[in-house]
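Numbering (my numbering), first residue to last: 269 to 504.
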């Protein structure tokens, strides 16, 4: 099942990224660790993956269509190697500059062994694994029939569907309440990072039609950034 109607596909995908994370949060409400660091968000993301797959099966029963495949594996791994190389270099240098200029470090929970292992474990195994099927797999595959074009920046092809998915991915990092409507959490640097990373993940998915590279890249970058922040917090 697919549609080439632009308003309809935008509506379907927007409702998906709006409803699935919020419903997942409701299903995870009884799960908390002592400092509320990793358990709720881990269960939330597992439910998000389950609900995303259920929605996918309504539109197309072949999960390979949505990126659950190893097609173009060599290309995926090549993308991943380049991403790891450049992202590691960039963020390590950036964080060193921020650390030595006394910029604040984002860590708002006690760095106990349980919290460190729990939160890093979430980032390593669940963050990209449970987000990429929704934001790249479902959203982009739904948008492709209506937004089939692309544009190039320095010979890098960026699909229109991927750009929209990156915008949705960015919006998903804004906390809000529906009624009464209120913005409860917004962090501009995180939004910029989410959009840029969303574009990279979209390019990977567009070139391979596989979730392999986006998931692994997403998991890696989250572990890297959180790990660096934990390191700077320990070093003081």
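Each residue gets a CB set at the ideal place from its N, CA and C atoms; glycine is no exception.
Exercise. What's the gap between the Cα of residue 412 and the Cα of residue 404?
Worked result: 11 Å
For this session: Express the C-alpha separation of residue 290 and residue 442 in angstroms, rounding to a whole number.
Result: 12 Å
Problem set entry | Cβ separation of residue 468 and residue 351, assumed to be a contact under 8 Å, to the nearest whole Å | 7 Å
Problem set entry | residue 451 (DSSP reduced to helix, strand or coil) | If DSSP states are grouped into helix, strand and coil, residue 451 belongs with the strands.
For this session: Report yes if the C-beta distance between residue 340 and residue 476 is below 8 Å; otherwise report no.
Result: yes
Problem set entry | For residue 495, three-class secondary structure by DSSP | helix
Problem set entry | Run of the alpha helix (DSSP H) containing residue 298, from where it starts to where it stops | Here residue 298 belongs to no alpha helix (DSSP H), and DSSP marks it neither H nor E.
Exercise. Would you call residue 294 buried or exposed, if buried means 16 or more other Cβ atoms sit within 10 Å of its Cβ?
Worked result: exposed
Exercise. So, helix, strand or coil for residue 427, using DSSP?
Worked result: strand
For this session: Classify residue 358 as buried or exposed, calling it buried when 16 or more other Cβ atoms lie within 10 Å of its own Cβ.
Result: exposed
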